[in-house]
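Working notes, structure below.
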Amino acid sequence: MVKLAMEKKSSSGNTITFLGIAGARFMVTKQLAASGGLWLSLGGTEILVDPGPGSLVQSTKRKLRADKLSAIILSHRHLDHSADVNIMVEAMTEGGFNQHGWLFAPADALGDEPVIFSYLKGYLEGIEVLGEGKSYSIDNVSFSTPVRHLHPVETYGVLFRAAGHTFSYITDSRYFDGLCASYASELLIINVVLLEARQFVDHLSIPDVAHIVGELKPRVAIITHFGTNIWRQKPWEIARRLSRQTGVRVIAARDGMRFDLAQLDE
Ligand SMILES: [Zn+2]
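Those letters in the sequence shown? Residues 108 to 373, by the numbering used here.
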């Protein structure tokens, strides 16, 4: 009986695995931390979000099976979010022998200079274009892309509804009014590159995160996608300060960290 219960749990678990916490150029190009994106396992549905450089290596190393993926979602075309999309489509479809799965991406990742090779498109069940205010579903997971971000290329964050929970992935953006309002949910995953806001750099900073978390008061917030200055200041210490400041449990992601959505019920 115990074995049965454990098996059931592992096949219907609800987890988010961080395949890398590096954001911004130097963190990624020097691989000061990994940069493979987020792997969602939601009641048996597997979704890969933002497969940056090393996604294949990081996922196989952690025994995550690409052939089980139902979809790959790109928040935008920047390399640290899309570099491994081709090889992950190849892995998802077993080199095209097992045609299945969907790719979701903004129009400008698929247009004149597409991030995906044309010969791989036929391996997929289909490609869906992400757009502001649109909703989508994959098996038992539904998600929406509520608002276009302020970032040099077309970019959307994602609000997921799955397994009786809501969680948001607030990807790269400069802060703007309306960002907060779009992502109210139990768990916020926030890409934060900058220690302090900088003019002409379209990324969130630690003070922005304090503001967003303070406004939305999620049950848990996870910060990730760090730039070099945050890395030097130890993200886990920054997270501790943010927790004190906001009264919300703030966690600094680590390479390979697995967050179980059951923690939201605690
Ligand atoms: Zn970006």
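In this text, a Cβ means the ideal position worked out from N, Cα and C, and glycines have one as well.
In the DSSP annotation of this structure, the continuous segment of the beta strand (DSSP E) that includes Ala212 starts and ends at 209–213.
Put simply, the backbone Cα of Thr122 is about 29 Å away from that of Asp309.
Arg365 counts as exposed, since fewer than 16 other beta carbons sit within 10 angstroms of its beta carbon. Around the beta carbon of Glu153, a 10 Å sphere encloses 16 or more other beta carbons of the protein chains shown; the residue is thus reported as buried. Rounded to the nearest angstrom, the Cβ distance from Cys287 to Glu322 is 5 Å, consistent with a contact under 8 Å.
The criterion of a C-beta distance shorter than 7 Å is not satisfied by Thr278 and Asn247.
Relative to ligand 1, His332 has its C-beta separated by 6 Å or more from all heavy atoms.
Closer than 6 Å to some heavy atom of ligand 1: that describes the Cβ of Asp279.
For Phe133, the uninterrupted alpha helix (DSSP H) segment begins and ends at 132–136. Between Asn205 and Leu227, the gap from beta carbon to beta carbon reaches 7 Å or more. Between Ile179 and Val164 the beta-carbon gap is near 16 Å, outside 8 Å, which marks them as no contact. When secondary structure is reduced to three states using DSSP, Lys228 falls in the helix class. Comparing C-alpha distances from Val300 to each of Ser289, Pro314, Leu294 shows the shortest one belongs to Pro314. Pro221 and His183 have their C-alpha atoms some 11 Å from each other. Around the CB of Phe250, 16 or more other CB atoms lie within 10 Å, so the residue is classed as buried. In this structure, the alpha-carbon of Glu235 lies about 18 Å from that of Val260. For the pair Leu294 and Leu371, the CB atoms are nearer than the 7 Å cut-off.
Setting aside the 5 residues that flank it on each side, Arg326 is surrounded in the same chain by Glu293, Leu371, each with a C-beta closer than 6 Å to its C-beta; the list follows chain order.
In this model, Lys175 and Glu344 are separated by some 36 Å (Cα to Cα). For Arg348, the enclosing alpha helix (DSSP H) has its first and last residue at 342–353.
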